[in-house]
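Visitor: As they're listed, the protein sequences go chains A and B. In terms of this note's numbering, the first sequence has 251 at position 228, counting the first letter as 1, and numbering is strictly consecutive. In terms of this note's numbering, the second sequence has 73 at position 50, counting the first letter as 1, and numbering is strictly consecutive. Encoded as structure tokens, here's the structure I'll be asking about.
Protein chains: 2
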Amino acid sequence: MTDLLPPIQTTARDDAVLKALAGFVRQEALGPGEKLPTERILAERLKVSRNTVREALTRWEGLGLVERRQGSGTYLKAAVSPDMLHMPLTLAGGNDFAGLMATLEIRRALEAEAAALCAIRAGRAELAEIERKLDLMEEAFQTRAGMSSDEDWEFHQAVFRASGNPLFEQIIAAMYEMFHRFWEHPLGVRDFGHASFPYHRTIFERIAAHDPEGARAEALKLIATVEDDLKRGAANLKLSDRR
Amino acid sequence: MTDLLPPIQTTARDDAVLKALAGFVRQEALGPGEKLPTERILAERLKVSRNTVREALTRWEGLGLVERRQGSGTYLKAAVSPDMLHMPLTLAGGNDFAGLMATLEIRRALEAEAAALCAIRAGRAELAEIERKLDLMEEAFQTRAGMSSDEDWEFHQAVFRASGNPLFEQIIAAMYEMFHRFWEHPLGVRDFGHASFPYHRTIFERIAAHDPEGARAEALKLIATVEDDLKRGAANLKLSDRR
DNA sequence: AGTGGCTCAATGGTCCAACCAATTTCTGCA
DNA sequence: TGCAGAAATTGGTTGGACCATTGAGCCACT
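What follows is the structure, encoded as structure tokens:
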């Protein structure tokens, strides 16, 4: 009959702790890297047990908002605000070649869209930042004579950030982690990623020209080269000795 | 020099608990809804304190894997496996219009790609299943004279499943939940979703014809109607009284 | 048969006090 | 001044206790 009778909330201690803590962070204008009060102090101030404080902080730690260092303290890892919306995403499986290809398909969809949105929305500051990362990546490519995962990833991150939608970066970060968890070594393909190199600059050029469809097309080409590399690696691989 | 010397793990109690628990769940083939051992039993069996067990379970609860009911027990809420990857998504200030649009942008990218892949890969069985969901949705539309979220969602799920990539369903499910958590009422737009109705069948037709680009185009049209509805709703809305 | 109220055991939620382990800070000697 | 060792700080863990809620069993009463 009436689904509008939700169960009343009689207690919610740890949620209350987090709410209070979020308010504290906002009031003190704490940013990432800054240290928040010790568990003992929080427990005393909030009039709750240290255990309750710990459960609350464990929640935040699980959400990646906070980092605890034994003997040192608890530090903010990301910006927190009282009106955050959390959506834990747990991805199952993916520890095989099919899993790698699956992450690439997601990347293909998201990177293309992000590049297009970036071409629409990026302002001068964002463009400058992307170009800076691009230069760093190209420099690393020259000196080390090969693709560098770190600089490459930072370039893409800059693009995602400039897309104006934080979800792009977060989701693709998950894909990226999934990808690298399995692929410590490039499956025997020595020049893995080489083919993708030139497309970084072409992507940037299309973004800078505010050409969404052009940027999308270049991003698709980049992902295609990675997929090709991966297939070559799979061909080299006879049997998988993964756990 | 060598980054291949990871710091040895002297302590990782709660992670170890979760690992053991994941193994237990797999061994006992427990599925969603089933009850796991009580905290006291886990503490005794694993030779750790009950507090440690609680911190571990708090992690899983925060990830939405488990639900704790005081006086009753702890129950599985989702399938867990030892090789899961967790990626908590956080949308700062997600309780506003921009947050909704952010989830829609992800959906636009992923639904389009999934529809295209589905057009390539769906076999007879998958096509039949999608058409069945489509018929159910259209029937619900006729009888109830309006879009039904449930049947609509099941249709899309069938498409994602037929895409051959489980990540599509998992990620878009997260977007979907994020979307609906905020939007309990369609912002005053009475016929929300009406415009999207016809595109469900056109998407199916392009998939059945194994026309990837056609399917992608129709999926994009569908998302566009939802975005339009949302913008109309935002126009109706003067101030936000969300918490 | 069924309804309502009662007890009672089981279970998660909270609290406390102590100790362990890693880190940081202080101190005093060379 | 520099640095090694002591001391304080802080998160991690333990064990035990009690509270609050749930659910099952029981029973009187209708």
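All C-beta atoms in this analysis are idealised placements derived from N, C-alpha and C, irrespective of residue type, glycine included.
Quick check on DSSP: helix, strand or coil for Pro189 of chain B?
Guide: Taking the second sequence and counting its residues from 1, one reaches residue 189 of chain B at position 166. Pro189 of chain B falls in the helix class under three-state DSSP.
Visitor: Check this for me: beta carbons of Ala247 of chain B and Ala139 of chain B, under 7 Å apart or not?
Guide: Stepping through the second sequence from its first residue, residue 247 of chain B is reached at position 224. Stepping through the second sequence from its first residue, residue 139 of chain B is reached at position 116. No.
Visitor: Taking the Cβ atom as the reference point for each residue, do Glu149 of chain A and Ala185 of chain A lie within a distance shorter than 7 Å?
Guide: Stepping through the first sequence from its first residue, residue 149 of chain A is reached at position 126. Stepping through the first sequence from its first residue, residue 185 of chain A is reached at position 162. Yes, the pair counts as a contact, with Cβ atoms nearer than the cut-off.
Visitor: Are Ala242 of chain A and Ile230 of chain A touching if we call contact CB-CB under 7 Å?
Guide: Within the first sequence, the letter at position 219 stands for residue 242 of chain A. Within the first sequence, the letter at position 207 stands for residue 230 of chain A. No. Outside cutoff.
Visitor: With respect to the beta strand (DSSP E) encompassing Pro111 of chain B, which residues constitute its N-terminal and C-terminal limits?
Guide: Your numbering for residue 111 of chain B matches position 88 in the second sequence. Per DSSP, Pro111 of chain B belongs to the beta strand (DSSP E) from 108-114.
Visitor: Can you tell me the Cα-Cα spacing of Arg255 of chain A and His217 of chain B, whole angstroms?
Guide: By 1-based counting over the first sequence, the position of residue 255 of chain A is 232. By 1-based counting over the second sequence, the position of residue 217 of chain B is 194. Roughly 47 Å between the two C-alpha positions.
Visitor: Is it buried or exposed, Ile195 of chain B, if we count other Cβ atoms within 10 angstroms and call 16 or more buried?
Guide: Walking along the second sequence from the start, residue 195 of chain B turns up at place 172. With 16 or more Cβ atoms within 10 Å of its Cβ, Ile195 of chain B is classed as buried.
Visitor: Kindly indicate if chain B contains any beta-carbon less than 7 Å away from that of Gly96 of chain A.
Guide: For this step, residue 96 of chain A is matched to residue 73 along the first sequence. Not one chain B Cβ lies under 7 Å of Gly96 of chain A.
Visitor: Between the segment 99-114 of chain B and the segment 158-177 of chain B, can you find at least three pairs of beta-carbon atoms closer than 8 Å?
Guide: Segments in contact, no.
Visitor: I'd like to know whether the C-beta of Thr81 of chain A is nearer than 7 Å to at least one C-beta of chain B.
Guide: Residue numbering aside, residue 81 of chain A sits at position 58 when the first sequence is read from its first letter. Yes - at least one Cβ of chain B is within 7 Å of the one on Thr81 of chain A.
Visitor: Would you report the Cα separation of Arg68 of chain A and Leu114 of chain A, rounded to the nearest angstrom?
Guide: For the purposes of this step, residue 68 of chain A is identified with residue 45 of the first sequence, where counting begins at 1. For the purposes of this step, residue 114 of chain A is identified with residue 91 of the first sequence, where counting begins at 1. Roughly 38 Å between the two C-alpha positions.
Visitor: Would you check if there are 3 or more beta carbon pairs closer than 8 Å linking the segment 131-145 of chain B to the segment 83-98 of chain B?
Guide: Because the criterion of three Cβ pairs below 8 Å is not met, the segment 131-145 of chain B and the segment 83-98 of chain B do not touch.
Visitor: With DSSP collapsed to three states, give me the class of Gly296 of chain A.
Guide: The structure shown does not extend to residue 296 of chain A, since chain A is modelled only from 24 to 266, so the question has no answer here.
Visitor: Between the C-alpha atoms of Asp106 of chain A and Ala79 of chain A, what's the straight-line distance to the nearest angstrom?
Guide: For the purposes of this step, residue 106 of chain A is taken as the residue at position 83 of the first sequence. For the purposes of this step, residue 79 of chain A is taken as the residue at position 56 of the first sequence. Asp106 of chain A and Ala79 of chain A: Cα-Cα distance of roughly 16 Å.
Visitor: Can you tell me whether DSSP reads Glu90 of chain B as helix, strand or coil?
Guide: Here residue 90 of chain B corresponds to residue number 67 of the second sequence, with the count starting at 1. Glu90 of chain B falls in the strand class under three-state DSSP.
Visitor: Using the beta-carbon count (16 or more within 10 Å), is His223 of chain B buried or exposed?
Guide: Taking the second sequence and counting its residues from 1, the one referred to as residue 223 of chain B is at position 200. With 16 or more other Cβ atoms within 10 Å, it is buried.
Visitor: For the segment 149-184 of chain A, which segments carrying the beta strand (DSSP E) assignment without a break, of at least 3 residues, lie completely within its bounds, in sequence order?
Guide: DSSP runs (the beta strand (DSSP E)) wholly in the segment 149-184 of chain A: none.
Visitor: Report yes if the C-beta distance between Pro221 of chain A and Ile143 of chain A is below 7 Å; otherwise report no.
Guide: Taking the first residue of the first sequence as 1, we reach residue 221 of chain A at position 198. Taking the first residue of the first sequence as 1, we reach residue 143 of chain A at position 120. Their beta carbons are not under 7 Å apart, which means Pro221 of chain A does not touch Ile143 of chain A by this criterion.
Visitor: Does the beta carbon of Ser263 of chain B come closer than 7 Å to any beta carbon on chain A?
Guide: Along the second sequence, read from residue 1 onward, the residue named residue 263 of chain B stands at position 240. Residue placement at Ser263 of chain B cannot be trusted, given a pLDDT of 47 that sits under 50; what the coordinates show is reported in the next sentence. No, no contact with chain A.
Visitor: So Ala197 of chain B and Met110 of chain A are supposed to be a Cβ contact under 8 Å. How far apart are they, rounded?
Guide: One-based indexing of the second sequence puts residue 197 of chain B at position 174. One-based indexing of the first sequence puts residue 110 of chain A at position 87. The Cβ separation is near 5 Å, so the contact holds.
Visitor: So, using beta-carbon positions, are Gln279 of chain A and Leu112 of chain B closer together than 7 Å?
Guide: Outside the displayed range of chain A (24 to 266) lies residue 279 of chain A, so it cannot be described from this structure.
Visitor: Do you know offhand how far Glu62 of chain B's Cα is from Thr81 of chain B's?
Guide: Along the second sequence, one-based indexing puts residue 62 of chain B at 39. Along the second sequence, one-based indexing puts residue 81 of chain B at 58. Those two C-alpha atoms are separated by around 11 Å.
Visitor: Express the C-alpha separation of Asp37 of chain A and Gln173 of chain B in angstroms, rounding to a whole number.
Guide: For the purposes of this step, residue 173 of chain B is taken as the residue at position 150 of the second sequence. For the purposes of this step, residue 37 of chain A is taken as the residue at position 14 of the first sequence. What sits at residue 173 of chain B in the sequence shown is Asp, not Gln. Rounded to whole angstroms, Asp173 of chain B to Asp37 of chain A spans 33 Å at the Cα level.
Visitor: Taking Cβ to Cβ, would you say Val182 of chain A is nearer than 7 Å to Ser219 of chain A?
Guide: In the first sequence, the residue the question calls residue 182 of chain A occupies position 159. In the first sequence, the residue the question calls residue 219 of chain A occupies position 196. No; because the gap between Cβ atoms is not below 7 Å, this pair is not in contact.
Visitor: Note down, in chain order, every chain A residue with its Cβ under 8 Å from the Cβ of Gln50 of chain B.
Guide: Numbered from its first residue, the second sequence carries residue 50 of chain B at position 27. Going along chain A, no residue has its Cβ under 8 Å from Gln50 of chain B, so there is no contact; the nearest lies around 17 Å.
Visitor: Step through the CB atoms of chain B and report whether any lies within less than 7 Å of the CB of Pro235 of chain A.
Guide: Here residue 235 of chain A is taken as the residue at index 212 of the first sequence, counted from 1. Judged by the 7 Å Cβ criterion, Pro235 of chain A is not in contact with chain B.
Visitor: Closer than 8 Å by beta-carbon distance: list the chain B residues that pair up with Leu140 of chain A, in chain order.
Guide: Along the first sequence, one-based indexing puts residue 140 of chain A at 117. Under the 8 Å cutoff, chain B gives Glu128.
Visitor: Once DSSP output is grouped into helix, strand and coil, what is the label at Lys244 of chain A?
Guide: Residue numbering aside, residue 244 of chain A sits at position 221 when the first sequence is read from its first letter. Helix, per DSSP.
Visitor: Could you have a look at Lys58 of chain B and say whether DSSP puts it in helix, strand or coil?
Guide: By one-based count along the second sequence, residue 58 of chain B stands at place 35. Strand at Lys58 of chain B.
Visitor: May I have the straight-line CA-CA distance separating Asp264 of chain B from Lys42 of chain B, to the nearest angstrom?
Guide: Along the second sequence, one-based indexing puts residue 264 of chain B at 241. Along the second sequence, one-based indexing puts residue 42 of chain B at 19. Any reading at Asp264 of chain B needs caution, since the residue's pLDDT is 46, under 50, leaving its predicted position unreliable; the model's value is listed next. Straight-line Cα distance between these residues: approximately 42 Å.
Visitor: Just mark Gly56 of chain A as buried or exposed, buried being the case when its beta carbon has 16 or more other beta carbons within 10 Å.
Guide: One-based indexing of the first sequence puts residue 56 of chain A at position 33. So Gly56 of chain A ends up on the exposed side.
Visitor: Within a Cβ cutoff of 8 Å, which residues of the same chain sit near Leu157 of chain A, ignoring the five residues on either side of it in sequence?
Guide: Counting from 1 along the first sequence, the entry for residue 157 of chain A is found at position 134. Once the five neighbours on either side are set aside, the close Cβ partners of Leu157 of chain A are Phe178, His223, Arg224, Phe227.
Visitor: Measuring alpha carbon to alpha carbon, tell me which of B:Leu127, B:Gln93, B:Phe120, B:Gly187 ends up nearest Ala258 of chain B.
Guide: Counted from its first residue, the second sequence places residue 258 of chain B at position 235. Comparing Cα-Cα distances from Ala258 of chain B to each of B:Leu127, B:Gln93, B:Phe120, B:Gly187, the minimum goes to B:Phe120.
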